[in-house]
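Protein chains in written order, with our numbering: chain A, 51 to 305; chain B, 364 to 453.
Written out as structure tokens, the structure reads:
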């Protein structure tokens, strides 16, 4: 009998709500003895999320975001800046205790396992996907997913982006590419290092099809059954509390 | 303001901004796309470096990571030293 984990399926929310939900699930996991949880979700309006340690000025073209109606949020996790395109991106998150037998204790090994589940899901769509340390998943040689993990409240929280049909031109309008990263290369070359499912497969692909593939990847890799569920009352309360933090300028502009 | 940016071998980026007055670090802000758990310990590291003589900063970084339960991923203590050294040399 496979262990059952909770699936919170494809909630569409704004940036502060999404980040609050991820942290609320992490915070409540041991307190309420909740099941381990996998979430798939989309961001409306589209948003840029930056890593905990990133400089907002350096990473984000704030004016472009304003012009395009794109939200900006700082994550609780480290890592890089991500453009969450409402029309072309799925984010996942996973919460499980740090000492859970299915989650490797070593950080690199745990990224490898969780990103491996995503990669396995993408393989089901015919994509040559693989985890690429430090925290990426590549399709062939191009980045198709970025991932970020934190460990607190006694749990591992990992979330990440899967580019389905993201507008890569807009992505590079709202994100600033560090000079040092594009040294000796044209921006075009940088853009060519990123792809999405539609571009890679060269066919239309729906969120539904992507979702099914990702869930299959999680279930097979972790040997679990996913059962659709909702947030608990306590988790919803935490979301309301955390929302204030995530939507405050003090939080978003702290670095 | 002294600034530097350093691409860590393996892909992550670290940047620093320093204000130096009379050979003393008065202000330090570290940023980048690395991982450090718990994340808030970056504030403690910045605090630790404030008021330190510029020639002494490597020792303070070494001391900071001893006796603390901090996990670094995609970065090492020597990368913090490297980027601060680069900023001081700028």
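Where a beta carbon is used, it is the ideal one built from N, C-alpha and C, also for glycine.
1. Can residue 79(A) and residue 147(A) be called in contact, C-beta distance under 8 Å?
2. Leaving aside the five residues before and after residue 433(B) along the sequence, list all residues of the same chain whose C-beta is less than 6 Å from its C-beta, in chain order.
3. Anything in chain B within Cβ reach of residue 166(A), meaning under 9 Å, just list it in chain order.
4. Less than 8 Å between the beta carbons of residue 171(A) and residue 74(A), yes or no?
5. Quick check on the DSSP output: the alpha helix (DSSP H) that includes residue 81(A) runs from which residue to which?
6. With a threshold of 8 Å between beta carbons, is residue 104(A) in contact with chain B?
7. In whole angstroms, what is the alpha-carbon distance linking residue 260(A) and residue 135(A)?
8. If you measure beta-carbon to beta-carbon, which residues of the segment 383-414 of chain B are closer than 8 Å to chain A?
9. Can you find the residues in the same chain that come closer than 6 Å, C-beta to C-beta, to residue 152(A), ignoring five residues on each side of it along the sequence?
10. In the structure shown, what three-state DSSP assignment does residue 121(A) receive?
11. Of all the CB atoms in chain B, is at least one closer than 8 Å to the CB of residue 293(A)?
12. Out of curiosity, what's the CA-to-CA distance linking residue 414(B) and residue 387(B)?
13. Please tell me whether residue 139(A) and residue 92(A) are closer than 8 Å, where the distance is taken between their beta carbons.
14. Given a cut-off of 8 Å, decide if residue 84(A) and residue 282(A) are closer than it, judged by their beta-carbon atoms.
15. So the candidates are 144(A), 150(A), 157(A); which of them puts its Cα closest to the Cα of residue 167(A)?
16. Name, going along the chain, the residues of the segment 195-207 of chain A whose beta-carbon falls closer than 9 Å to a beta-carbon of chain B.
17. Quick one: using the 10 Å Cβ neighbour count with 16 as the cut-off for buried, is residue 35(A) buried or exposed?
From the atom records:
1. Translated into the one-based positions of the first chain, residue 79(A) becomes position 29. Translated into the one-based positions of the first chain, residue 147(A) becomes position 97. Yes, these two residues count as a Cβ contact at 8 Å.
2. Within the second chain, numbered from 1, the residue matching residue 433(B) stands at position 70. The answer, listed in chain order, is 404.
3. In the first chain, residue 166(A) corresponds to position 116, counting from 1. Contact note: residue 166(A) does not reach chain B at a C-beta cutoff of 9 Å; the least C-beta distance is about 17 Å.
4. As a position in the first chain, residue 171(A) is number 121, starting the count at 1. As a position in the first chain, residue 74(A) is number 24, starting the count at 1. Between residue 171(A) and residue 74(A), the C-beta spacing is not below 8 Å.
5. Residue 81(A) sits at position 31 when you count from the first residue of the first chain. Per DSSP, residue 81(A) belongs to the alpha helix (DSSP H) from 65-81.
6. Translated into the one-based positions of the first chain, residue 104(A) becomes position 54. Answer yes: the Cβ-Cβ gap between residue 104(A) and chain B drops below 8 Å somewhere.
7. Counted from its first residue, the first chain places residue 260(A) at position 210. Counted from its first residue, the first chain places residue 135(A) at position 85. Roughly 15 Å between the two C-alpha positions.
8. 392, 393, 394, 395, 396, 397, 398, 399, 400, 401, 402, 405
9. As a first step, residue 152(A) must be located in the first chain, where it is residue number 102. Residues 272 of the same chain have their beta carbon placed closer than 6 Å to that of residue 152(A), with the five preceding and five following residues left out of the count.
10. In the first chain, residue 121(A) corresponds to position 71, counting from 1. The answer is strand: DSSP assigns residue 121(A) an E or B state.
11. Along the first chain, read from residue 1 onward, the residue named residue 293(A) stands at position 243. Taking Cβ atoms only, chain B never reaches closer than 8 Å to residue 293(A), which makes this a no.
12. Position 51 of the second chain holds residue 414(B). Position 24 of the second chain holds residue 387(B). So the alpha carbons of these two residues sit roughly 6 Å apart.
13. Against the first chain, residue 139(A) aligns to sequence position 89. Against the first chain, residue 92(A) aligns to sequence position 42. Going by C-beta atoms, residue 139(A) is nearer than 8 Å to residue 92(A).
14. Start at 1 with the first residue of the first chain, and residue 282(A) comes out as number 232. Start at 1 with the first residue of the first chain, and residue 84(A) comes out as number 34. For residue 282(A) and residue 84(A), yes; Cβs fall inside 8 Å.
15. Taking the first residue of the first chain as 1, we reach residue 167(A) at position 117. Closest by alpha carbon: 144(A).
16. For the segment 195-207 of chain A, the set of residues with a beta-carbon nearer than 9 Å to any beta-carbon of chain B comprises 198, 199, 200, 201, 202, in chain order.
17. Only positions 51 to 305 of chain A appear in this structure, which leaves residue 35(A) out of reach.
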